[in-house]
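Undergrad:
In our numbering, the protein residues as written are -2 to 156.
Rendered as structure tokens:
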């Protein structure tokens, strides 16, 4: 399956199925999941990066267990909107996933998501550095997924 535009994703997915959000870091993959109505995104877990096939297998198991119909992957665009090496790496990750198993994938601009989550964890939750390190990537994945869910819902109200 090709990567889809975010606004085309609902039509490609069965109704009442959750979506999964991914924040692809250098050392970890933050994972979040929505409820079946696609209203709320929640942090799920953190996958330590090792070998791509192991990471993909773990993701596919999570998706099957939760009956996830799509992945929303954070795309770290540069501030000017251009794509650098990190964005290219995210696109390659998506292509490699699709080679292993058909999956509905869309990207969501994640500029500043980790910074926003860090600020929230410090200012609102007063978490120390060690605790923040344990939750920031999966919380960033939820931030990414929630932004995508809100965008899709906002678009649907305009139609």
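Built from N, CA and C at the ideal position, the CB exists for glycine as well.
1) If we ignore side chains and look at the alpha-carbon of each, how far apart do residue 52 and residue 24 end up?
2) Could you tell me the boundaries of the beta strand (DSSP E) in which residue 25 lies?
3) Which residues does DSSP pair with residue 20 in a beta bridge?
4) Any chance the region 43 to 51 sits against the region 69 to 78, with 3 or more Cβ pairs inside 8 Å?
5) Expressed to the nearest angstrom, what Euclidean distance is found between the alpha-carbon atoms of residue 36 and residue 81?
6) Tell me the rounded alpha-carbon separation between residue 13 and residue 33.
7) Between the Cα of residue 29 and the Cα atoms of 101, 90, 42, which residue gives the shortest distance?
TA: Here's the rundown:
1) Taking the first residue of the chain shown as 1, we reach residue 52 at position 55. Taking the first residue of the chain shown as 1, we reach residue 24 at position 27. Cα to Cα, the separation comes out at about 12 Å.
2) As a working mapping, residue 25 is identified with position 28 in the chain shown. Taken as a continuous stretch (DSSP letters only), the beta strand (DSSP E) holding residue 25 covers 25 to 31.
3) One-based indexing of the chain shown puts residue 20 at position 23. Paired residue(s): 27.
4) no
5) Indexing the chain shown from 1 puts residue 36 at position 39. Indexing the chain shown from 1 puts residue 81 at position 84. Answer to the nearest angstrom: the Cα atoms are 31 Å apart.
6) Position 16 of the chain shown, counted from the first residue, corresponds to residue 13. Position 36 of the chain shown, counted from the first residue, corresponds to residue 33. Using only the alpha carbons, I get a separation of about 5 Å.
7) Residue 29 sits at position 32 when you count from the first residue of the chain shown. Closest by alpha carbon: 42.
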